Amino acid sequence: MTELSGPTQQALARLLDQYESHRIIDSLFQRFQIPSLPTIDGMPTKLKKATHLTRELAARPEGRLSLQSLIIYAGTDGAGMGPEFKRGHPASSDLFANLDYDLSAVVQPPRAKEARQERQFKRPGTSAPMPPEPHAPETQRTVFVVRGRDQAAYDALASLLIALDLRIVTWDDAARACGGGTPHTLDIVRAGIRSATAVVVLMTPDDLGRVQPDFHQSNDDAREAKESGQARQNVVFEAGWAMALDQDHVVLVKVGNVRSLSDIDGLNYVNLRGDISSRRQLIGRLKSCGLAVNDNGEVWRTIGSFPEQD
Numbered sequence: 001m002t003e004l005s006g007p008t009q010q011a012l013a014r015l016l017d018q019y020e021s022h023r024i025i026d027s028l029f030q031r032f033q034i035p036s037l038p039t040i041d042g043m044p045t046k047l048k049k050a051t052h053l054t055r056e057l058a059a060r061p062e063g064r065l066s067l068q069s070l071i072i073y074a075g076t077d078g079a080g081m082g083p084e085f086k087r088g089h090p091a092s093s094d095l096f097a098n099l100d101y102d103l104s105a106v107v108q109p110p111r112a113k114e115a116r117q118e119r120q121f122k123r124p125g126t127s128a129p130m131p132p133e134p135h136a137p138e139t140q141r142t143v144f145v146v147r148g149r150d151q152a153a154y155d156a157l158a159s160l161l162i163a164l165d166l167r168i169v170t171w172d173d174a175a176r177a178c179g180g181g182t183p184h185t186l187d188i189v190r191a192g193i194r195s196a197t198a199v200v201v202l203m204t205p206d207d208l209g210r211v212q213p214d215f216h217q218s219n220d221d222a223r224e225a226k227e228s229g230q231a232r233q234n235v236v237f238e239a240g241w242a243m244a245l246d247q248d249h250v251v252l253v254k255v256g257n258v259r260s261l262s263d264i265d266g267l268n269y270v271n272l273r274g275d276i277s278s279r280r281q282l283i284g285r286l287k288s289c290g291l292a293v294n295d296n297g298e299v300w301r302t303i304g305s306f307p308e309q310d
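Taking UniProt numbering, the leading residue of the sequence shown gets 1, the next gets one more, and so forth.
Right under this line is the structure:
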């Protein structure tokens with residue numbers, strides 16, 4: 001398993017030195033079970049602590065997983081750290097540029113696909129053909145995540161996927177794969193789908209919905225008339241798009257109490273909670289999609305916080 005590079009380690013150490021306190025850095029030593037630095041020569045600086053922390057994590061047998069877990073954890077709201085550690089913040093651009101470069105170097109042979117005629121789609125309201133397929137090679141570790149607005153749920157899922165040694169194709173990755181200056185949203189979604197081995201649809205109860213009384217039918221489930229949380233419409237649309245292109249490589253994941261999609265209620269979801277059973281269920285689905293999941297370590301068993309479901 002490839003370790004994250006020196007530039008990635010150094011970029012994280014610099015961020016910790018610049019934006020966090022001794023107390024926060026010391027808490028990371030405890031969380032990741034790294035022995036404290038000796039104080040024989042006086043109190044070590046924040047940079048010395050941060051550099052030691054990243055090097056120790058990278059030197060472990062699961063160094064890439066452990067260091068990656070630190071990066072993911074630092075960017076979550078629960079870590080109590082600054083926004084500078086989140087992807088997309090200007091301060092973290094160097095860190096994530098190096099991280100993405102490291103992860104893109106982990107390339108596996110492309111999975112064999114049966115020769116088949118793929119359905120052709122056009123963007124609604126236009127006669128324009130779909131954009132050309134991305135030129136990036138397909139690997140067995142790449143996942144495109146369709147998601148709504150629940151950032152905490154996405155962070156938890158992303159940390160779990162990364163702990164399984166998978167690489168997430170981000171929205172920016174998909175946009176770059178389109179090639180144009182200002183690609184259409186649907187073009188980006190399609191590029192993300194085609195750039196990855198599998199698509200994980202994260203369904204969270206971001207919206208509220210119910211059937212209006214005038215349209216309620218006698219054979220409807222009683223829950224149809226009650227307001228309940230449901231996935232955002234863009235998530236439902238993009239899930240349908242992905243399934244139309246390649247249903248065998250789409251995994252539907254529910255986090256929280258999410259209203260089912262009535263037209264496809266027979267589909268089998270992964271109801272992801274904090275327990276080992278649901279995590280193993282997700283791993284099984286990912287493997288059935290042809291992903292080279294690495295579940296030999298222990299990090300995936302506990303990383304990421306998922307709510308219980310009714």
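Backbone N, C-alpha and C fix where the C-beta goes; we use that ideal spot for every residue, glycine too.
From a predicted model like this one, the values you see are computed outputs, not experimental measurements.
With a 10 Å radius around the Cβ and a threshold of 16 neighbouring Cβ atoms, A13 comes out buried.
Between the segment 236 to 243 and the segment 187 to 205, the count of Cβ pairs shorter than 8 Å is three or higher; the stretches touch. A check of alpha carbon separations from A11 across H249, T54 and A196 identifies T54 as the nearest. Of N257, N268, V235 and L261, the smallest CA-CA separation from D248 is found for N268.
Looking at the backbone, the Cα of S27 and that of S21 are separated by about 10 Å.
Collapsing the DSSP output to three states places S228 in a strand. At least 8 Å separates the beta-carbon of V270 from that of L261.
Leaving aside the five residues that flank W300 on each side, the residues in its chain whose CB is nearer than 7 Å to its CB run, in chain order, L160, A163, L164 and R279.
When Cβ pairs closer than 8 Å are counted between the two stretches, the segment 227 to 235 is seen to touch the segment 141 to 148, the count reaching three or more. Contact between P205 and G256 holds, with the beta-carbon distance rounding to 5 Å and staying under 8 Å. In the same chain as G75, and ignoring 5 residues on each side of it, the C-beta atoms closer than 6 Å to its own belong to F85 and K86, in chain order.
Counting the other CB atoms within 10 Å of its CB gives S36 a total below 16, which places it among the exposed residues.
Counting other Cβ atoms within 10 Å of its Cβ, T197 reaches 16 or more and is therefore classed as buried. The C-beta separation of L4 from A58 comes to about 6 Å, placing the pair in contact by the 8 Å criterion. Counting of Cβ neighbours within 10 angstroms places N98 among the buried residues, the total reaching 16 or more. Counting the other Cβ atoms within 10 Å of the Cβ of F215 gives fewer than 16, which makes it exposed.
Between L67 and L166, the C-beta gap is not smaller than 8 Å, which leaves the two residues out of contact. For R280, the enclosing alpha helix (DSSP H) starts and ends at I276 to S288. Going by DSSP, I168 is part of the beta strand (DSSP E) stretching over R167 to V169. Nearest C-alpha to C289 among G82, R60, T142 and P38: T142. With a contact defined as Cβ atoms closer than 8 Å, R259 and S228 qualify at about 5 Å. Counting the other Cβ atoms within 10 Å of the Cβ of I25 gives 16 or more, which makes it buried. A Cβ-Cβ contact shorter than 8 Å links L157 with G304. If the five residues before and after E224 are omitted, its C-beta is found closer than 6 Å to the C-beta atoms of V211, all from its own chain and listed in chain order.
A residue is called buried once 16 or more other Cβ atoms fall within 10 Å of its Cβ, and I193 is buried on that count.
Around the beta carbon of K254, 16 or more other beta carbons lie within 10 angstroms, which makes this residue buried. With contacts defined as CB atoms closer than 8 Å, L95 and L15 qualify as a contacting pair.
Within the same chain, N98 come within 7 Å of P7 by CB-CB distance, once the 5 residues on both sides are set aside.
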